[in-house]
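Residue numbers (the working numbering): 215 to 401.
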């Protein structure tokens, strides 16, 4: 009796399916990474200052990000102040990334669509990419610093689906909001 490895071990089939689901869901996830100092008394923080980015490249985007960060922090009950007088400094580091999605994943015989590219696989011997797209992402890291110590740090990215300035601003506004959503509100 010549049974395949997968039919002889049903647990292996389950593990392969679970691994595939985790891999696909991991690729689709664009959730920000947020970390904060739980011992910090955030209610004692009243004022902030937004520092210029370390990688000054695009003054228009930098000014927009500074304004957006200021708006979000102000909405959380903090007051903008000069760098010398502020309780905390807010630093940010913007960058862009390009992702080429022309790579396809092969799982046995058949066709499939993974991400932005389709592929045709023949018996897992070779895979031919059918479509390819380059995606542009705006990455952003925001750090809140008090007395030289990081008390809040958030990193995330937004896919820039359109290249016009208004769409980019909307994506950046959403990204800043997501990154600072967990920052405690000051009453």
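Beta carbons are placed, not taken as given, at the ideal position from N, Cα and C, and that holds for glycine.
Q. Helix, strand or coil: which one does DSSP assign to residue 325?
A. Working through the chain shown from its first residue, we reach residue 325 at position 111. With a pLDDT of 32 at residue 325, under the threshold of 50, the predicted position of this residue should be treated as unreliable, though the coordinate-derived value follows. Three-state DSSP puts residue 325 in a strand.
Q: In angstroms with no decimal places, state the Cα-to-Cα distance between residue 396 and residue 250.
A: Locating residue 396 in the chain shown gives position 182, where the first residue counts as 1. Locating residue 250 in the chain shown gives position 36, where the first residue counts as 1. Rounded to the nearest angstrom, the gap between the Cα atoms of residue 396 and residue 250 is 9 Å.
Q) Can you give the Cα-Cα distance for residue 230 and residue 247, rounded to whole angstroms? A) Sequence index remark: in the chain shown, residue 230 carries index 16 (1-based). Sequence index remark: in the chain shown, residue 247 carries index 33 (1-based). Low confidence applies to residue 230: its pLDDT is 40, below 50, so where it sits in the model is not reliable, and the reading given next is rough at best. Residue 230 and residue 247 have their C-alpha atoms roughly 28 Å apart.
Q.
Rounded to whole angstroms, what is the Cα-Cα separation between residue 257 and residue 358?
A. Walking along the chain shown from the start, residue 257 turns up at place 43. Walking along the chain shown from the start, residue 358 turns up at place 144. Between residue 257 and residue 358, the C-alpha separation is close to 14 Å.
Q: Would you decide whether residue 282 is buried or exposed? Buried here means 16 or more other CB atoms lie within 10 Å of its CB.
A: Taking the chain shown and counting its residues from 1, the one referred to as residue 282 is at position 68. Counting Cβ neighbours within 10 Å, residue 282 comes out buried, since at least 16 surround it.
Q) With a cut-off of 8 Å, do at least 3 Cβ pairs link the segment 354-368 to the segment 376-384? A) Contact between the segment 354-368 and the segment 376-384 is not established, with fewer than three Cβ pairs separated by less than 8 Å.
Q | Three-state class that DSSP yields for residue 384 in the structure shown | A | As a first step, residue 384 is located in the chain shown; it is residue number 170 there, counting from the start. When DSSP states are grouped into helix, strand and coil, residue 384 belongs to the helix group.
Q: Select from 369, 384, 309 and 374 the residue whose C-alpha is nearest the C-alpha of residue 272.
A: In the chain shown, counting from the first residue as 1, residue 272 sits at position 58. Cα-wise, what sits closest to residue 272 is 309.
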